[in-house]
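Asker: Handing you this structure, nothing more for now.
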Amino acid sequence: MEFMQFHPTSLYHPEANSFLISEAVRGFGGRLIHKDGESFMEKYHPMAALAPRDIVARAIDTELKKRGVPCVFLDVSHLEPEAVRNRFPNIYENCMRYKIDITKEPIPVVPAAHYACGGVRTDLKGRTSIAGLFACGEVTCTGVHGANRLASNSLLEAVVFAHEASQAAIRFAAKRNRIPTPIPQWDDSGTFNQEEWVLISHDRLEIQNIMWDYVGIVRSNARLERALSRIRLIRQEIENYYKRTRVTEGLLELRNLATVAQLMILSAMLRKESRGLHYTTDYPKRDDDAFLHDTLIDRSGV
Numbered sequence: 000m001e002f003m004q005f006h007p008t009s010l011y012h013p014e015a016n017s018f019l020i021s022e023a024v025r026g027f028g029g030r031l032i033h034k035d036g037e038s039f040m041e042k043y044h045p046m047a048a049l050a051p052r053d054i055v056a057r058a059i060d061t062e063l064k065k066r067g068v069p070c071v072f073l074d075v076s077h078l079e080p081e082a083v084r085n086r087f088p089n090i091y092e093n094c095m096r097y098k099i100d101i102t103k104e105p106i107p108v109v110p111a112a113h114y115a116c117g118g119v120r121t122d123l124k125g126r127t128s129i130a131g132l133f134a135c136g137e138v139t140c141t142g143v144h145g146a147n148r149l150a151s152n153s154l155l156e157a158v159v160f161a162h163e164a165s166q167a168a169i170r171f172a173a174k175r176n177r178i179p180t181p182i183p184q185w186d187d188s189g190t191f192n193q194e195e196w197v198l199i200s201h202d203r204l205e206i207q208n209i210m211w212d213y214v215g216i217v218r219s220n221a222r223l224e225r226a227l228s229r230i231r232l233i234r235q236e237i238e239n240y241y242k243r244t245r246v247t248e249g250l251l252e253l254r255n256l257a258t259v260a261q262l263m264i265l266s267a268m269l270r271k272e273s274r275g276l277h278y279t280t281d282y283p284k285r286d287d288d289a290f291l292h293d294t295l296i297d298r299s300g301v
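Take the sequence shown: its letter number 198 is residue 197 in numbering that gives the first Met the number 0, and every next letter is one higher.
Take a look at the structure:
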């Protein structure tokens with residue numbers, strides 16, 4: 000759960016909704032620069048802008064915090080315009096919607112949360128530790144991505160293991176006698192019928208801010224401890240609200256978000272090293288002797 004992948008270049012615009020600028024743009028010759036035109040990736044890796052995505056995301060995060068700026072820029076304006084438009088038609092069209100002509104001006108970018116390499120533990124057939132419960136896709140941890148998923152490999156879990164899980168579920172169901180079991184009505188006696196969306200939306204936003212600020216691209220013991228303390232308080236608030244009000248979709252989702260957030264924090268705290276997508280300033284080196292293994296947390300009843 001500690002291995003959360005961040006895409007290094009998401010379009011930074013007040014009206015844009017997390018539109019990713021493909022890493023192929025850097026492979027095509029795009030340069031990462033500041034507003035004044037200064038290139039900075041050379042300070043972080045010999046391959047500069049062609050460095051692995053986790054290193055690029057970390058470098059951008061460092062530059063943003065060091066300079067106190069909202070974004071950096073990905074520049075392809077030095078390349079032949081027609082070649083850029085032909086190679087990246089979707090990126091060109093999407094940026095033009097926000098009046099950014101990528102053939103003439105650099106693209107404002109920031110890192111964005113992209114892919115969770117961890118999740119529910121399954122085998123290669125999508126079976127979980129609960130008999131009859133199958134899982135697939137990004138919600139799972141098959142182990143194929145290790146500590147850092149390679150680019151263009153998400154279909155492995157989304158398609159390949161989804162097919163395996165569906166076939167295993169079909170075979171499992173075929174061996175069982177299907178006896179219809181009536182589902183009892185939900186007993187909401189003693190609860191209040193109130194949908195305080197302001198409370199739910201506020202807690203959701205607070206969880207997002209905590210995770211981004213303290214459990215993001217660069218972590219530390221102090222940040223993780225503060226995040227855990229805050230998330231535990233929020234979880235208690237949610238539980239108190241959950242017990243005395245009618246259940247809604249938004250409340251259930253909020254409850255799950257808080258649970259996953261705490262699991263991610265605990266996993267990150269247990270890994271006292273830096274590996275793949277997990278980087279902590281307190282343990283900047285990899286430690287194969289102590290941590291060359293998966294982190295498994297048993298959350299019975301969740």
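Where is the CB? At the ideal position from N, CA and C, for every residue including glycine.
(1) In angstroms, rounded to a whole number, what distance separates the CA positions of residue 300 and residue 251?
(2) Taking the alpha carbon of residue 256 as the point to measure from, which residue in 210, 97, 270, 154 has its own alpha carbon closest?
(3) Along the chain, where does the alpha helix (DSSP H) containing residue 197 start, and where does it finish?
(4) Should residue 206 and residue 233 be called a contact, given that it needs their Cβ atoms to be closer than 8 Å?
(5) Expressed to the nearest angstrom, what Euclidean distance is found between the alpha-carbon atoms of residue 158 and residue 289?
(6) Check whether the Cβ atoms of residue 4 and residue 265 lie closer than 8 Å to each other.
(7) Evaluate the contact criterion for the stretch 137-150 versus the stretch 32-43: three or more CB pairs, one atom per stretch, below 8 Å.
(8) Assuming residue 53 and residue 147 are in contact, meaning their beta carbons sit under 8 Å apart, how far apart are those beta carbons, in whole angstroms?
(9) Does residue 230 come out as helix, strand or coil in the three-state DSSP assignment?
(10) Can you give the Cα-Cα distance for residue 57 and residue 51, rounded to whole angstroms?
(11) Where does residue 184 fall in DSSP's three states?
(12) I'd like the list of long-range same chain contacts for residue 33, defined as Cβ closer than 8 Å, with 5 residues on each side in sequence excluded.
(13) Using alpha carbons as the reference points, say which of 212, 108, 85 lies closest to residue 338.
(14) Output the distance between the C-alpha atoms of residue 166 and residue 124, rounded to the nearest integer angstrom.
(15) Check whether the Cβ atoms of residue 103 and residue 76 sit closer than 8 Å, and answer yes or no.
(16) Would you mind sorting residue 273 into buried or exposed? The rule is 16 or more other CB atoms within 10 Å of its CB.
(17) Going by beta-carbon coordinates alone, are residue 10 and residue 26 separated by less than 8 Å?
Answerer: Taking the definition as stated:
(1) Translated into positions along the sequence shown, residue 300 becomes position 301. Translated into positions along the sequence shown, residue 251 becomes position 252. Residue placement at residue 300 cannot be trusted, given a pLDDT of 47 that sits under 50; the coordinates are not used to answer.
(2) In the sequence shown, counting from the first residue as 1, residue 256 sits at position 257. When only C-alpha atoms are compared, the closest one is 210.
(3) Position 198 of the sequence shown, counted from the first residue, corresponds to residue 197. Its alpha helix (DSSP H) spans residues 196-213.
(4) Here the question's residue 206 lines up with position 207 in the sequence shown. Here the question's residue 233 lines up with position 234 in the sequence shown. Residue 206 is a Cβ neighbour of residue 233, given a cutoff of 8 Å.
(5) Reading the sequence shown from its first residue, position 159 is the one you call residue 158. Reading the sequence shown from its first residue, position 290 is the one you call residue 289. Looking at the two C-alpha atoms, the distance is approximately 34 Å.
(6) Within the sequence shown, the letter at position 5 stands for residue 4. Within the sequence shown, the letter at position 266 stands for residue 265. It is not a contact, given that the beta carbons lie outside the stated cut-off.
(7) No, the stretch 137-150 does not touch the stretch 32-43.
(8) Sequence index remark: in the sequence shown, residue 53 carries index 54 (1-based). Sequence index remark: in the sequence shown, residue 147 carries index 148 (1-based). About 6 Å separates the two Cβ atoms, so the contact holds.
(9) Taking the first residue of the sequence shown as position 1, residue 230 is located at position 231. Residue state, collapsed to three classes: helix.
(10) On the sequence shown, position 58 is the one that residue 57 refers to. On the sequence shown, position 52 is the one that residue 51 refers to. Taking the straight line from one Cα to the other gives about 10 Å.
(11) Looking up residue 184 in the sequence shown gives position 185. Residue 184 falls in the coil class under three-state DSSP.
(12) To locate residue 33, count along the sequence shown from 1; it is residue 34. Listed in chain order, the non-local C-beta contacts of residue 33 below 8 Å within the same chain comprise 39, 62, 66, 68, 71, 72, local neighbours out to five positions each way being set aside.
(13) No answer is possible for residue 338: it lies beyond the span of the chain, which begins at 0 and ends at 301.
(14) Taking the first residue of the sequence shown as 1, we reach residue 166 at position 167. Taking the first residue of the sequence shown as 1, we reach residue 124 at position 125. Spanning the two alpha carbons is a distance of roughly 8 Å.
(15) For the purposes of this step, residue 103 is taken as residue 104 along the sequence shown, with counting starting at 1. For the purposes of this step, residue 76 is taken as residue 77 along the sequence shown, with counting starting at 1. Yes, they are a contact pair.
(16) Translated into positions along the sequence shown, residue 273 becomes position 274. Of the residues assessed, residue 273 falls on the buried side of the cut-off, its CB having 16 or more other CB atoms within 10 angstroms.
(17) As a first step, residue 10 is located in the sequence shown; it is residue number 11 there, counting from the start. As a first step, residue 26 is located in the sequence shown; it is residue number 27 there, counting from the start. No, Cβ-Cβ distance for residue 10 and residue 26 is not below 8 Å.
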